[in-house]
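**Student:** The letter at position 257 of the sequence shown is residue 256 when you use numbering that gives the first Met the number 0, and the numbering goes up by one with no holes.
From the three backbone atoms N, C-alpha and C, an ideal C-beta is built for every residue, glycine too.
The structure presented is a predicted model; accordingly, all values stated were derived computationally and were not measured.
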Amino acid sequence: MPTSHVPMQGRALPSEFAVGPLRITGADQFPLEEIYCNVDGNEIVLRLSGHFDSDSPWRGSSMVVFFLYRLPGGEAAFQEGIERYRKDVPRKMVNLPDKQPFNRLVLEFDGVAQSWQRDCFAAGPRNLFQVYQSGGAGILVRWYSQRGTMLDHPLLGQVRDSVRLVEGQWHEEIPQTVQSDAAEFEDDEEDEFELVTSIDLREEKKRIRAYIEQRVAGYADQENFGPGEPTDPIGLITLGFYAEQTGYIALVFDTRPDAEVDGSWTTFIDDDLNVFYVTEWCGLYAAIVEEQTVTMTDHLGREHIIRDNEISDEDLNALFGEMLTALMHELRDDGTFAKLPLRPDAFLVIEEFDGRYFWPTYETRKTEGAIDG
């Protein structure tokens, strides 16, 4: 299972390369912070990530993720991938920050042959998905930006203009990066995260508890940054997390009268307002990808030794997610959340950014997740 996870400071992609059914040109000009590529049988994941400075309209994280499937062997995984993200689709039409509705033509690649079937859906204004399918390949594309507009986004727009779909092509080689003497993109931090080979999630749980207690105690003192009107009562508390890239948890309070699990929390992630960084998680993730031996102690004190990257993304994120779920149960049961202005039917969920962990189930979110239950 070849995997590559490369910080891009001082490096660039080759100007042209192929992966799966994609032909990408001009890739050496992409403003990237890191790339991730994993080849596993009939599936390839290619993630192109950027991070923009605080003075940019697109401040924060952005990414384009290609989930590529060779058909017919990867058909089941293709459909599962689509359903994983489609469950977050809101019932109402999604309007982009660009002041126009989302439809199939938004961020569509140029020159797509009629033989490709096409579909699209949106989990939020800055969390967009496109689906392409031919006889030999299925493609799920995720476009995400933490801030700013989508159509003229410096990373998303360049990727859109650079990708072509080639029917009948399937390349499994991971793109190799090259040294860049004059990178157009600079990160705020010169030093990349360090690899981490040991972590105790019991200690992480204590740190995150202190952060959440602080947020709850200070809720009345600042304007809420989340879906809905700041002065309305809270209907949904989402504890989102992302270990694979950057490493953070985001505590988002949703005050919409019809607050629902629809991915809206991902558009309200702010470094200064609701994010707690756990960069060690990202360092641990990177060490696993580099096939180093890693020791994780879960929230129950059980030790997990991971060698040679022999753990799935879902199982790894479950270790983080189960710790966060246990913590949220404690905070609910000890009355911490009762200090907030809650709706009578308020509920809570825990969700990994890429959908690799979710508690409870979608069907039981308002019963098992009920805060006053």
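By the three-class DSSP mapping on this structure, what secondary structure does E289 have?
**Tutor:** Numbered from its first residue, the sequence shown carries residue 289 at position 290. Coil at E289, not helix or strand.
**Student:** For C281, collect the residues of the same chain with a Cβ closer than 8 angstroms to its Cβ; drop the 5 residues on either side in sequence, then sort them by chain order.
**Tutor:** In the sequence shown, the residue the question calls residue 281 occupies position 282. Same-chain partners within the cutoff: F192, A242, E243, Q244, T245, G246.
**Student:** In terms of residues, what are the limits of the beta strand (DSSP E) holding H303?
**Tutor:** Position 304 of the sequence shown, counting from 1, holds the residue named residue 303. Counting along the chain, the beta strand (DSSP E) containing H303 begins and ends at 302-305.
**Student:** Alpha carbons only, please: which of Q145, V162, C119 is nearest the one belonging to R15?
**Tutor:** Position 16 of the sequence shown, counted from the first residue, corresponds to residue 15. It should be pointed out that residue 15 corresponds to Glu in this sequence rather than to Arg. For the residues Q145, V162, C119, the minimum Cα distance to E15 belongs to V162.
**Student:** Name the DSSP bridge partner or partners of L238?
**Tutor:** Position 239 of the sequence shown holds residue 238. Partner(s): L250, I349.
**Student:** Determine the closest residue to N37 out of T292, V288, I305, L326, with distance taken between C-alpha atoms.
**Tutor:** Numbered from 1 along the sequence shown, position 38 holds the residue referred to as residue 37. That would be V288, whose Cα lies nearest to the Cα of N37.
**Student:** Can you tell me which of the three DSSP states L67 falls into?
**Tutor:** Here the question's residue 67 lines up with position 68 in the sequence shown. L67: strand per DSSP, three-state reduction.
**Student:** State the start and end residues of the unbroken beta strand (DSSP E) segment that holds R163.
**Tutor:** Within the sequence shown, residue 163 is the residue found at index 164, counting from 1. Element bounds for R163: 162-164.
**Student:** Would you decide whether G262 is buried or exposed? Buried here means 16 or more other CB atoms lie within 10 Å of its CB.
**Tutor:** Here residue 262 refers to the residue found at position 263 when the sequence shown is read from its first residue. Per the 10 Å Cβ criterion, buried.
**Student:** Going by DSSP in three states, E33 sits in which element: helix, strand or coil?
**Tutor:** What you label residue 33 is simply residue 34 of the sequence shown in a count that begins at 1. Here E33 sits in strand by DSSP.
**Student:** Which residue spans inside the segment 54-108 form an unbroken beta strand (DSSP E) run of at least 3?
**Tutor:** Runs found: 59-69.
**Student:** Who are the Cβ neighbours of M327 in its own chain at under 7 angstroms, not counting the five residues just before and after it?
**Tutor:** To locate residue 327, count along the sequence shown from 1; it is residue 328. These residues qualify, in order along the chain: L238, L347, I349.
**Student:** Count the other CB atoms, across all protein chains shown, that sit within 10 Å of the CB of Y361; report buried if there are 16 or more and exposed otherwise.
**Tutor:** Start at 1 with the first residue of the sequence shown, and residue 361 comes out as number 362. Under this definition Y361 is an exposed residue.
**Student:** Here's a check: name, in chain order, each residue in its chain whose Cβ is nearer than 8 angstroms to the Cβ of Y227, leaving out the five neighbours to either side.
**Tutor:** In the sequence shown, residue 227 corresponds to position 228, counting from 1. The sequence given here has Gly at residue 227, not Tyr. For G227, where only same-chain residues beyond five positions count, the Cβ hits under 8 angstroms are G234, D253, T254, R255, P256, A258.
**Student:** Please classify E189 as buried or exposed, where buried requires at least 16 neighbouring CB atoms within 10 angstroms.
**Tutor:** Position 190 of the sequence shown, counted from the start, is the residue given in the question as residue 189. Confidence is the limiting factor: at E189 the pLDDT is only 41, short of 50, which leaves the residue's position unreliable and the question unanswerable from this model.
**Student:** Candidates L127, V277, P71: which alpha carbon is nearest K204's?
**Tutor:** Within the sequence shown, the letter at position 205 stands for residue 204. The residue with the shortest Cα to Cα distance from K204 is V277.
**Student:** Taking only the alpha-carbon atoms, compute the straight-line gap between S60 and N223 and give it to the nearest angstrom.
**Tutor:** Locating residue 60 in the sequence shown gives position 61, counting from the first residue. Locating residue 223 in the sequence shown gives position 224, counting from the first residue. Rounded to the nearest angstrom, the two C-alpha atoms are 21 angstroms apart.
**Student:** Mind checking which residues open and close the beta strand (DSSP E) that includes I43?
**Tutor:** Walking along the sequence shown from the start, residue 43 turns up at place 44. Start and end: 42-51.
**Student:** Can you tell me where the alpha helix (DSSP H) holding E15 begins and where it ends?
**Tutor:** Within the sequence shown, residue 15 is the residue found at index 16, counting from 1. Element bounds for E15: not the alpha helix (DSSP H) but the beta strand (DSSP E), 15-18.
**Student:** According to DSSP, is V140 part of a helix, a strand, or is it coil?
**Tutor:** Counting from 1 along the sequence shown, the entry for residue 140 is found at position 141. Reduced to three states, the DSSP call for V140 is strand.
**Student:** Going by CA-CA distance only, name the one from Q145, R83, Q113 that's closest to D270.
**Tutor:** Taking the first residue of the sequence shown as 1, we reach residue 270 at position 271. Among Q145, R83, Q113, the Cα nearest to that of D270 belongs to Q145.
**Student:** Name the DSSP beta bridge partners of S22, please?
**Tutor:** Position 23 of the sequence shown, counting from 1, holds the residue named residue 22. A quick correction: the sequence has Arg, not Ser, at residue 22. BP columns for R22 point to A17, R163.
**Student:** If we count the other Cβ atoms within 10 Å of its Cβ and call it buried at 16 or more, is I138 buried or exposed?
**Tutor:** The residue you call residue 138 lines up with position 139 of the sequence shown. By the neighbour-count rule (16 or more Cβ atoms within 10 Å), I138 is buried.
**Student:** Enumerate in chain order the residues of its own chain whose CB-to-CB distance from V195 is below 7 angstroms, with the five nearest sequence positions on each side excluded.
**Tutor:** Within the sequence shown, residue 195 is the residue found at index 196, counting from 1. Same-chain partners within the cutoff: E279, G282, L283, A286.
**Student:** Scan the segment 192-246 and note each continuous beta strand (DSSP E) run of 3 residues or more that stays entirely inside, going in chain order.
**Tutor:** 197-199, 233-241, all fully within the segment 192-246.
**Student:** Got a sec? Which residues, its chain only, sit under 8 angstroms from V274 by beta carbon, not counting five neighbours each side?
**Tutor:** The residue given as residue 274 occupies position 275 in the sequence shown. If we look at V274 and ignore the five residues flanking it on each side, its Cβ neighbours are Y247, I248, A249, I268.
**Student:** Could you spell out the range, first to last residue, of the alpha helix (DSSP H) harbouring G320?
**Tutor:** On the sequence shown, position 321 is the one that residue 320 refers to. Residues 312-332.
**Student:** Which residues mark the beginning and the end of the beta strand (DSSP E) in which D118 is found?
**Tutor:** Residue 118 sits at position 119 when you count from the first residue of the sequence shown. Counting along the chain, the beta strand (DSSP E) containing D118 begins and ends at 116-123.
**Student:** Helix or strand or just coil, what does DSSP make of D297?
**Tutor:** Within the sequence shown, the letter at position 298 stands for residue 297. Note: D297 maps to coil in three-state DSSP.
**Student:** Suppose the cutoff is 7 angstroms on Cβ atoms and the five residues either side in sequence are ignored; what does the same chain contact list for T324 look like?
**Tutor:** Position 325 of the sequence shown holds residue 324. If we look at T324 and ignore the five residues flanking it on each side, its Cβ neighbours are I349, W358.
**Student:** Whose C-beta lies closer than 8 angstroms to the C-beta of L318 among residues of the same chain, with five residues either side of it excluded?
**Tutor:** Translated into positions along the sequence shown, residue 318 becomes position 319. These residues qualify, in order along the chain: L200, M295, D297, H303.
**Student:** Report the three-state DSSP secondary structure of D27 (helix, strand or coil).
**Tutor:** Your numbering for residue 27 matches position 28 in the sequence shown. The answer is helix: DSSP assigns D27 an H, G or I state.
**Student:** Just the Cα atoms here: how many angstroms apart are L47 and F65?
**Tutor:** Position 48 of the sequence shown holds residue 47. Position 66 of the sequence shown holds residue 65. When rounded, the distance between both Cα atoms is 9 angstroms.
**Student:** From the DSSP output, in three-state form, read off L341 for me.
**Tutor:** Here residue 341 corresponds to residue number 342 of the sequence shown, with the count starting at 1. DSSP places L341 in strand when its eight states are reduced to three.
**Student:** Could you name the residues of the same chain whose beta carbon sits closer than 8 angstroms to that of N94, not counting the 5 residues immediately before and after it, in chain order?
**Tutor:** Stepping through the sequence shown from its first residue, residue 94 is reached at position 95. So the list reads P100, F101, P124, once near-sequence residues are dropped.
**Student:** Would you kindly report the start and end of the unbroken beta strand (DSSP E) that includes L272?
**Tutor:** The residue given as residue 272 occupies position 273 in the sequence shown. Counting along the chain, L272 falls outside any beta strand (DSSP E), and DSSP gives it neither H nor E.
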